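Q: Just passing along the structure, written as structure tokens.
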Amino acid sequence: MKIIISKLLNDNVLKYLLSKGIVSLAFRALGVAFGFLVAWMLSFYFKEKIYGAFSLLQTIIQLLAMIFTLGIQNTILIEINKIQPLNIHKATSFLFHVFKLVFFVALIPILFFYFGAPFISAVIFNKPHLSESFKIIALFLPVFLFHELVLYYFIGIKRFLTFGLFMFVVPNLFFIGFVFLLRDSLNGPSEIVLYYALSFLITFIIELLVIIDRKKKFIMEKFSNKKTFFSSLPMMFSGLMGFLISWTDVLMLGAMSTEESVGIYNAAFKIGMFVLIIIASINIVTGPKIAEFFVNGDNQNLKKMIQKSTQLVTLISLPIVSIIVFFSDLLLQFFGESFKSGSLVLIIIAVSTFISAASGNVDQILNLTDNRKLLFKINLIALSVNIVLNYIFIPIYDINGSAIASMISIIILNLTCVYFIKKKLGFYTLI
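Taking our numbering, the leading residue of the sequence shown gets 790, the next gets one more, and so forth.
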């Protein structure tokens, strides 16, 4: 044991992953706790209908942020790691460069959501009372987008503690404070969304104060809008494909099955996807290193970073997935006795997430090693398979069929990515 521990402590890559990864995981766990606290507060202080409306609006904000940041998040990581040695002024200049680009593109959804709010709320969502909420989303959309970009700037310059604070702590604290202090005067979802947006506005202002060195005059360096836009576009589409792959099951069950089935599947989905917290936490710290090693042509350390991170995630995920599989009935019973019928769904989803863990952060690897167009094609194939199999299996096997369809598409996605990583980079992600 002493020999094994000594080897682990002397492995610089593993030391980096453990030290930074534990910080990332702790903040992500804190973010989950804040999420549950927000859900409890909104459901406790207000009607279920208001909490449900806020959940819908929050999902729309997240989707808009994913689409209209244009996939520039990974471009930020790549471009910052091209600056060797790291020049904070140049990195900050690139951040403000992408601010301008994203704001220009975001004018389209801003105008659409503001002036089309009555149509969107009444016709698309059949909820006319949400019209004011969509106008608020439109007005604050640049804040949500810029906040997302700043987070990746902090990852790029390897300030993981700062990233964790602004990602999981600061906006949640402001929002929880607003809800608690103003709970007696809040009457509807539009007011709640307004204070949610103001929480991010205050957070963004603080982020700018942290980024900008007020002692020195800031002079913007020039970058190509065209180059940034077209290098980021494939990553945006890949991210959108990944989002759709994750939510195809729920959307198609909603259209083809009962609300009870959707509820049971959603509960199983949330438990089964718990492993993704670990994967996402490690991905945050490996991303900038993968970009750095690839830009510098350091294939040996690139291979070591990818394989060590995949092995670490696999080892941590295995006991968690085993607990979920063996205690699936017990875990689902927390939601109610009827939810135990989703036991097989939970097992399938848990196994699917373990396959993703053992495959490595394949989407990030391909994105950061100049294989963005290839990843988009693989995601498109996996999404198509998922849709077709859900369409075939749901009428026959209901929620179990949807889970099987999802697992097959995840296997196709991950194994195809692993194959092309081996072909393009010369090594497998796990061993």
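Heads up, the beta-carbon is just placed ideally off N, CA and C, and yes, glycines get one too. Computed from a prediction, not measured in an experiment: that's the story for all the values here.
(1) Can you list, in chain order, the residues of its chain with a C-beta nearer than 6 Å to that of F964? Leave out the 5 residues immediately preceding and following it.
(2) Going straight from the alpha carbon of M1041 to that of L1202, what length do you get?
(3) Would Y1054 be called buried (16 or more neighbouring beta carbons within 10 Å of its own) or exposed?
(4) Whole angstroms are fine: how far does the CA of I981 sit from the CA of A927?
(5) Note down the Cα distance separating L875 from I946, rounded to an integer number of angstroms.
(6) Let me know the secondary structure DSSP gives T1099 once reduced to three states.
(7) Rounding to the nearest angstrom, what Cα-Cα distance links F1012 and K889 in this structure?
(8) Count the other CB atoms, across all protein chains shown, that sit within 10 Å of the CB of Q873; report buried if there are 16 or more and exposed otherwise.
(9) Does the structure place the region 987-1001 close enough to the region 1130-1143 that three or more beta carbon pairs sit under 8 Å?
(10) When we look at the beta-carbon of H936 and count the other beta-carbons within 10 Å, is it buried (16 or more) or exposed?
(11) If you reduce the DSSP assignment to three classes, tell me which class L1040 lands in.
(12) Would you mind giving the Cβ-Cβ distance between S1106 and F1143, rounded to the nearest angstrom? I have them listed as a contact below 8 Å.
(13) Drop a sphere of 10 angstroms on the beta-carbon of Q1089, count the other beta-carbons inside from all chains shown, and report buried for 16 or more, exposed for fewer.
(14) Taking all protein chains shown into account, decide if F835 is buried (16 or more other Cβ within 10 angstroms of its Cβ) or exposed.
(15) Determine the direct distance from the alpha carbon of E868 to that of Y941, and round the result to whole angstroms.
(16) Can you list, in chain order, the residues of its chain whose CB lies under 7 Å from that of S1070, leaving out five sequence neighbours each side?
(17) Rounded to the nearest angstrom, what separates I1181 and N1014 at their Cα positions?
(18) What is the DSSP secondary structure of S1191, counted as helix, strand or coil?
(19) Which residues in the same chain have their Cβ closer than 6 Å to the Cβ of I924, if we skip the five residues on either side of it in sequence?
(20) Tell me which residue opens and which closes the alpha helix (DSSP H) that T1158 is part of.
(21) Grab me the residues of N1189's own chain with a C-beta within less than 7 Å of its C-beta, minus the 5 sequence neighbours each way, in chain order.
(22) Just verifying my parser: in three-state terms, what is the DSSP assignment at E1010?
(23) Which runs of the alpha helix (DSSP H) fall wholly inside the region 897-983 and span at least 4 residues, in chain order?
(24) Cα separation between I1210 and S1027?
(25) Alpha helix (DSSP H) containing I1220: first to last residue?
(26) Using 10 angstroms around the beta-carbon of I1073, count the other beta-carbons present and answer buried if the total reaches 16, otherwise exposed.
(27) Could you check whether I1220 and E1077 sit closer than 8 Å to each other, using their CB atoms as the reference points?
(28) Can you look up L875 in the DSSP assignment and give me helix, strand or coil?
(29) What residues in its chain sit with their C-beta under 8 Å from that of Q1122, if we drop five residues either side in the sequence?
(30) Given 8 Å as the limit, is there contact between the region 1102-1119 and the region 1057-1069, that is, 3 or more CB pairs closer than that?
(31) Using only alpha-carbon positions, find the residue among G1149, K871, M956 that is nearest to C1206.
(32) Can you find a CB in chain D that lies within less than 8 Å of the CB of M830?
(33) Please confirm whether L806 and K1097 have their CB atoms less than 8 Å apart.
(34) Is it the case that the Cβ atoms of N1160 and K1213 are separated by a distance below 8 Å?
(35) Quick one: using the 10 Å Cβ neighbour count with 16 as the cut-off for buried, is N870 buried or exposed?
(36) Taking F993 as the reference, give the member of L971, L831, F952, V802 with the closest Cα.
A: The short version:
(1) For this step, residue 964 is matched to residue 175 along the sequence shown. Hits under 6 Å: Y985, S988.
(2) Residue numbering aside, residue 1041 sits at position 252 when the sequence shown is read from its first letter. Residue numbering aside, residue 1202 sits at position 413 when the sequence shown is read from its first letter. Those two C-alpha atoms are separated by around 20 Å.
(3) Residue numbering aside, residue 1054 sits at position 265 when the sequence shown is read from its first letter. Burial call: buried.
(4) Against the sequence shown, residue 927 aligns to sequence position 138. Against the sequence shown, residue 981 aligns to sequence position 192. Rounded to the nearest whole angstrom, the CA to CA distance from A927 to I981 is 15 Å.
(5) Taking the sequence shown and counting its residues from 1, the one referred to as residue 875 is at position 86. Taking the sequence shown and counting its residues from 1, the one referred to as residue 946 is at position 157. Cα to Cα, the separation comes out at about 8 Å.
(6) Taking the sequence shown and counting its residues from 1, the one referred to as residue 1099 is at position 310. Helix, per DSSP.
(7) Counting from one through the sequence shown, the residue named residue 1012 turns up at place 223. Counting from one through the sequence shown, the residue named residue 889 turns up at place 100. Rounded to the nearest angstrom, the two C-alpha atoms are 11 Å apart.
(8) Mapped onto the sequence shown, residue 873 falls at position 84. Exposed, by the Cβ-count rule.
(9) Segments in contact, no.
(10) Mapped onto the sequence shown, residue 936 falls at position 147. Counting Cβ neighbours within 10 Å, H936 comes out buried, since at least 16 surround it.
(11) Within the sequence shown, numbered from 1, the residue matching residue 1040 stands at position 251. In the displayed model, L1040 falls within a helix according to three-state DSSP.
(12) Stepping through the sequence shown from its first residue, residue 1106 is reached at position 317. Stepping through the sequence shown from its first residue, residue 1143 is reached at position 354. 6 Å between Cβ atoms; contact.
(13) Along the sequence shown, one-based indexing puts residue 1089 at 300. So Q1089 counts as exposed.
(14) As a first step, residue 835 must be located in the sequence shown, where it is residue number 46. A buried status is given to F835, since no fewer than 16 other beta-carbon atoms sit within 10 Å of its beta-carbon.
(15) Mapped onto the sequence shown, residue 941 falls at position 152. Mapped onto the sequence shown, residue 868 falls at position 79. If you take the alpha carbons of Y941 and E868, they lie about 11 Å apart.
(16) The residue labelled residue 1070 in the question sits at position 281 within the sequence shown. When the five nearest sequence neighbours on each side are left out, the beta carbons in the same chain lying within less than 7 Å of the beta carbon of S1070 are those of G810, S813, L814, R817, in order along the chain.
(17) For the purposes of this step, residue 1181 is taken as the residue at position 392 of the sequence shown. For the purposes of this step, residue 1014 is taken as the residue at position 225 of the sequence shown. I1181 and N1014: Cα-Cα distance of roughly 44 Å.
(18) Taking the first residue of the sequence shown as position 1, residue 1191 is located at position 402. Helix, per DSSP.
(19) In the sequence shown, residue 924 corresponds to position 135, counting from 1. The identity of residue 924 in the sequence shown is Lys, whereas the question assumes Ile. Cβ within range, chain order: Y903, A906.
(20) Position 369 of the sequence shown, counted from the start, is the residue given in the question as residue 1158. Where T1158 is concerned, there is no enclosing alpha helix (DSSP H), given that its DSSP letter is neither H nor E.
(21) Numbered from its first residue, the sequence shown carries residue 1189 at position 400. L1133, V1134, listed in sequence order.
(22) For this step, residue 1010 is matched to residue 221 along the sequence shown. In the structure shown, E1010 sits in coil (DSSP, three-state: anything other than H, G, I, E or B).
(23) Listed in chain order, they are 920-945, 949-953, 959-970.
(24) Locating residue 1210 in the sequence shown gives position 421, counting from the first residue. Locating residue 1027 in the sequence shown gives position 238, counting from the first residue. The straight-line gap from Cα to Cα measures roughly 16 Å.
(25) Residue mapping note: residue 1220 aligns to position 431 of the sequence shown, counting from 1. Counting along the chain, I1220 falls outside any alpha helix (DSSP H), and DSSP gives it neither H nor E.
(26) Indexing the sequence shown from 1 puts residue 1073 at position 284. With 16 or more Cβ atoms within 10 Å of its Cβ, I1073 is classed as buried.
(27) Taking the first residue of the sequence shown as 1, we reach residue 1077 at position 288. Taking the first residue of the sequence shown as 1, we reach residue 1220 at position 431. Note on identity: in this sequence residue 1077 is Pro, with Glu being the wrong assignment. Not a contact, by the Cβ cut-off of 8 Å.
(28) Counted from its first residue, the sequence shown places residue 875 at position 86. In this structure, L875 counts as coil in the three-state DSSP scheme.
(29) Here residue 1122 refers to the residue found at position 333 when the sequence shown is read from its first residue. Only residues of its own chain outside the window of five on either side were considered, and among them F1128, K1129 have a CB closer than 8 Å to the CB of Q1122, listed in chain order.
(30) Contact annotation: the region 1102-1119 touches the region 1057-1069, with at least three C-beta pairs closer than 8 Å.
(31) Locating residue 1206 in the sequence shown gives position 417, counting from the first residue. Looking at the Cα atoms, G1149 is the closest of the given residues.
(32) In the structure shown, chain D cannot be found, because there is only a single protein chain.
(33) Here residue 806 refers to the residue found at position 17 of the sequence shown. Here residue 1097 refers to the residue found at position 308 of the sequence shown. Taking the C-beta atoms as reference points, K1097 is found nearer than 8 Å to L806.
(34) Against the sequence shown, residue 1160 aligns to sequence position 371. Against the sequence shown, residue 1213 aligns to sequence position 424. Against a cut-off of 8 Å, the Cβ pair of K1213 and N1160 comes out as a contact.
(35) In the sequence shown, the residue the question calls residue 870 occupies position 81. Looking at its Cβ environment, which holds 16 or more other Cβ atoms inside 10 Å, N870 is buried.
(36) Here the question's residue 993 lines up with position 204 in the sequence shown. It is F952 whose Cα lies nearest to the Cα of F993.
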